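>
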Ligand code: ES4
Ligand code: ZN
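In this note's numbering, the protein residues as written are 47 to 365.
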């Protein structure tokens, strides 16, 4: 089934398929520590978030030019269209590229080239969310925000990602304040591997309007009550949670319980090239593993538009 849906939790670097990685490696003269795409795919057995991040940042070494970023985004959009995606709010990690000497303008303008023609080519409206790496310093995040200033017309929101434990949202209070003053909207990963307290901090200290993951809110009934009352959307990524071992099996994923509790849940793919499926595949997987019926799947698809940054006519068009 291919319900029209919005994808709200998608790292564009996480859509780098092994085939494209090898193509770009050859084009840019980058030597990869894998013999071929099969050997690379065999390395996709992760113990936790960090073991995934190590491989993920390593493979980004193949991305160099505007063309590379445009091709990466174009490949995702073409694929997303086949999965019923009508709107995509796309994360990117500028620091993972600037730290390798790739200018932030190359990243943003390359991605923007594919995004600008996405509605016409693929029927998908798009916007960009610039993420700060939370395991880097707040100063580095502030420098990144500063460096993005010439490109701000291309950026809708800021986000926070990478290794969560030990890097609470409050570390980025000033950066989010500065982003807010620039008119950017705000989201943050919280409660993926970090505790429920990080979800509260993301709301209270950073002022985010959406929580990415938020899985661990289920350990804190008072927090669940608040998220329900305030209609805070959660961008859940069930296949990611299985691959990174936040849950043991998809059958044990709390998605159905979270919906029953009244949480505003959405289902997303996170890093689909690494976690075994794009967002349509993810809908299919939760249908099979959790027995979510058609009504629940429709609710998830509807929620994805409600939780998106689209409003009014734009939202009606996308649905
Ligand atoms: C990520 Cl699954 C996940 N969690 C945190 N940061 C990320 N960056 C890319 N994928
Ligand atoms: Zn994520």
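We put the CB at the ideal spot given by N, CA and C, even for glycine. A quick note: this is a predicted structure, and the numbers were derived from the prediction, not measured.
Would the C-beta of residue 213 count as close to the ligand ES4, meaning under 7 Å from any of its heavy atoms?
no
> Just confirm the distance between the C-beta atoms of residue 221 and residue 191, as a whole number of angstroms; I'd bet it's less than 8 Å.
6 Å
> Please list, in chain order, all residues of the same chain as residue 146 whose beta carbon is under 8 Å from its beta carbon, the five residues on each side excluded.
106 and 107
> When you compare the CB positions of residue 178 and residue 58, do they come within less than 8 Å of one another, or not?
No, the pair does not count as a contact, with Cβ atoms beyond the cut-off.
> What is the DSSP secondary structure of residue 183, reduced to helix, strand or coil?
DSSP places residue 183 in coil when its eight states are reduced to three.
> Could you say which of 118, 135, 61 and 184 lies nearest to residue 371 if we only look at CA atoms?
Lying before the first or after the last residue shown, residue 371 is absent from the chain, which here runs from 47 to 365.
> In whole angstroms, what is the alpha-carbon distance linking residue 217 and residue 262?
20 Å
> Would you check if the distance between the CB atom of residue 114 and the CB atom of residue 70 is smaller than 8 Å?
yes
> Is the distance from the Cβ of residue 205 to the Cβ of residue 234 below 8 Å?
Yes.
> Kindly identify the DSSP beta-bridge partner or partners of residue 177.
205, per the DSSP bridge assignment.
> Would you kindly report the start and end of the unbroken beta strand (DSSP E) that includes residue 53?
51-57
> Could you check if residue 299 belongs to the surroundings of the ligand ZN, using beta carbon to heavy atom distance under 7 Å?
no
> Which ranges does the alpha helix (DSSP H) cover as unbroken runs of at least 4 residues, wholly within the region 56-129, from first to last along the chain?
64-74, 83-88, 95-105 and 112-127
> Roughly how many angstroms separate the alpha carbons of residue 99 and residue 209, rounded to a whole number?
Their backbone Cα atoms lie some 8 Å apart in a straight line.
> Comparing C-alpha positions only, which one of 62, 223 and 94 sits nearest to residue 319?
The shortest Cα separation from residue 319 among 62, 223 and 94 belongs to 62.
> Measure the C-alpha to C-alpha separation of residue 311 and residue 60 and round it to an integer number of angstroms.
Computed Cα separation, rounded: 21 Å.
> What do you reckon, is the C-beta of residue 199 under 7 Å from a heavy atom of the ligand ZN?
Residue 199: no, Cβ never under 7 Å from the ligand ZN.
> Look at residue 256 and residue 281 and say whether their C-beta atoms are less than 8 Å apart.
yes
> Apply the 10 Å Cβ neighbour rule to residue 85 and answer buried if 16 or more other Cβ atoms are within range, or exposed otherwise.
exposed
> Alpha carbon to alpha carbon, how far is residue 111 from residue 160?
13 Å
> Buried or exposed: which applies to residue 268, given that a residue is buried once 16 or more other Cβ atoms fall within 10 Å of its Cβ?
exposed
> For the ligand ZN, any of its heavy atoms closer than 7 Å to the Cβ of residue 168?
Flag unset: Cβ of residue 168 not near the ligand ZN.
> Give me, in chain order, the residues of the same chain whose beta-carbon lies closer than 7 Å to that of residue 130; leave out the 5 immediate sequence neighbours on both sides.
48, 49, 50, 51 and 326
> Can you tell which of 75, 67, 93 and 96 has the C-alpha that lies nearest to the C-alpha of residue 83?
67
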